[in-house]
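J.: So that we are looking at the same thing, I have put the structure below in structure tokens.
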Amino acid sequence: MSDNTVTPLAPLTLLGTGAMGTALARTWLAAGHPLTVWNRTPSRAEALAAEGATVAASAAEAVAASRLVVTCLLDDDSVGETLDGVDLTGRDLVNLTTGTPADGRSRAAWAEARGARFLDGGIMAVPPMIGAPRSGAYVFYSGSAELFEEHRETLAVPAGTTYVGADPGFAALCDVALLSGMYGMFAGVTHAFALIRGEDIEPKEFAPLLVSWLTAMAQSAYGTADRLQSGDYRTGVVSNLAMQVAGKATLLRTAEEQGVDPDLLTPFMTLMERRLADGHGDEDTTGLVELLAPGKD
Ligand code: FVH
């Protein structure tokens, strides 16, 4: 005889129904999780009520409704304001609000002092990627491993899950490190388009060339990682620093010829020159990490 019993999906509470909170909420509702939501501005939660969410009248009421409580608010201060005076005893608090590593660590201590287990999260996605199969969306998690294991399936509904350790600051650290890498890339893309601006080169024709070059060059991060871990910055070097610094003049002169402000380019060039002047011309750019973060090994 087959057992037709259906295990009910875990209920959860979500505080914050802004753009990201709403996207998260919709995936849990669509998957069949009982969901209680609260938002400071109640009108922003109304659409979710029509989709099956229970809208709580206060953050305290929302927190009381479920063991698993997810926050997706503007910043760490708004998390503090929202949960100020709310009883967190026995709750599993998952904070998907973007913050710094120090925010994650202090929020963990704060939550634990109030009787809650704590997991911090860094969302590597924009709202349209949430719940979209094959979008590549995922969330870095760090903090209580027990909490993560217990709620892993529920947390995996909106996006992939990557647990990066018990230190509650690590999710934010990985999140911000990836975002910082992204802004370096945006800077390069901006400078490249500025160079061709006003020339007889269509940006739309140039874009695929830029994307394929950056995609190929991004692979160099693996070599950088190998050298950082071995401490040997000379092995596996493909383009040495002496050659790259010599080429710098061409890049800067081209910017000048094209009437492009070199401000996005010069900080990196200056770092390369400093490392070369320190006698590291046979390395590649790996050693610049030491210049940016000295004395950390
Ligand atoms: N949207 C994105 O592209 C990024 C992708 C990566 C992750 N981020 C982070 O997600 C957090 C929430 O972002 P969001 O997109 O939902 O942001 P908003 O639509 O602006 O909604 C903000 C919510 O926060 C509430 N809120 C703001 N201040 C307070 C406060 N003092 N007390 C209580 N709630 C507060 C706000 O409420 P209301 O203005 O509607 O009343 C919204 O619910 C964020 O950390 C991103 O960095 C998103």
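Here this note's numbering is used: the first residue of the sequence shown is 261, the next is one more, and so on.
Using N, Cα and C, we set each Cβ at its ideal position, and we do this for glycine too.
Quick caveat: nothing in here was measured; it's all calculated off a predicted structure.
1. Going by DSSP, what residues sit across from S402 in a beta bridge?
2. Hey, how far is the Cα of P468 from the Cα of L474?
3. Can you name the residues that DSSP bridges to T331?
4. How about L272 and L328: do their beta carbons lie closer than 8 Å?
5. DSSP three-state call for M261: helix, strand or coil?
6. Can you tell me which residues fall inside 7 Å of the ligand FVH, judged by beta-carbon distance to its nearest heavy atom, and keep chain order?
7. Alpha carbon to alpha carbon, what distance is there between H451 and L379?
8. For L295 and A310, which I take to be in contact (beta-carbon distance under 8 Å), what is that distance rounded to the nearest angstrom?
9. Give the DSSP-derived three-state secondary structure of Y443 in the structure shown.
10. Which residue marks the beginning of the alpha helix (DSSP H) containing V471, and which one marks its end?
11. How long is the line joining the alpha carbons of G312 and D544, rounded to whole angstroms?
12. Helix, strand or coil, according to DSSP, for T421 in the structure here?
T.: On the basis of the coordinates in this document:
1. According to DSSP, residue pairing for S402 in a beta bridge involves D380.
2. Going from the Cα of P468 to the Cα of L474 covers about 10 Å.
3. L275, N355
4. yes
5. Low confidence applies here, because M261 scores a pLDDT of 48, under 50, leaving its location unreliable and the question unanswered by this model.
6. Counting every residue whose Cβ lies closer than 7 Å to a heavy atom of the ligand FVH, we get G276, T277, G278, A279, M280, G281, N299, R300, T301, R304, C332, L333, L334, D335, D337, S338, E341, T342, L356, T357, T358, I383, A385, V386, P387.
7. Going by the C-alpha atoms only, they are around 39 Å apart.
8. In this structure L295 is not in contact with A310, their Cβ atoms being roughly 13 Å apart against a cut-off of 8 Å.
9. helix
10. 463–478
11. 56 Å
12. strand
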